[in-house]
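Numbering (our numbering), first residue to last: 137 to 232.
Built from N, CA and C at the ideal position, the CB exists for glycine as well.
Below is one structure, written out as structure tokens, with a few remarks after it.
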């Protein structure tokens, strides 16, 4: 099994928002397989309860809000550690 890591937390088995165990691991950018690979490279993976997982079948009302916040945090982290906003957009095909 692939060992995933996150810029958000060291505990990939516990929801970063609720502290509840039993999570789904959300690749913050996952429209393409390339984006999923980049998420794994940069640690843009968030352990979330099923209700907060935006791509999950049990996504609740807060899931879209959580997704937007995570995307913004990833962008800020990328700019602080790796490159410019333009480079971020080029890698993730994402504009905020």
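Own chain partners of residue i with C-beta closer than 7 Å, once the 5 adjacent residues on each side are dropped
| i | result |
| --- | --- |
| residue 203 | 190 |
| residue 176 | 140 |
| residue 149 | 157, 159, 183 |
| residue 205 | none |
From the options, residue whose alpha carbon lies closest to that of residue i
| i | options | result |
| --- | --- | --- |
| residue 179 | 167, 163, 200 | 163 |
| residue 172 | 142, 221, 196, 147 | 142 |
| residue 224 | 146, 193, 165 | 165 |
| residue 213 | 167, 186, 181 | 181 |
Endpoints, alpha helix (DSSP H) assigned at residue i
| i | result |
| --- | --- |
| residue 216 | 199-217 |
| residue 225 | 221-228 |
Classification of residue i by the beta-carbon crowding that lies within 10 angstroms, buried from 16 upward
| i | result |
| --- | --- |
| residue 232 | Caution is warranted here: a pLDDT of 49 is assigned to residue 232, below 50, making its placement in the model unreliable, and the coordinate value is therefore given only provisionally. Result: exposed. |
| residue 138 | exposed |
| residue 154 | exposed |
Enclosing beta strand (DSSP E) for residue i [first to last residue]
| i | result |
| --- | --- |
| residue 184 | 181-184 |
| residue 139 | Neither: residue 139 is in no beta strand (DSSP E) and is coded neither H nor E. |
| residue 189 | Taken as a continuous stretch (DSSP letters only), residue 189 belongs to no beta strand (DSSP E), as it is neither H nor E. |
| residue 162 | 160-163 |
Sequence-distant residues of the same chain with beta carbon closer than 8 Å to residue i, five excluded per side
| i | result |
| --- | --- |
| residue 147 | 183 |
| residue 196 | 187, 188 |
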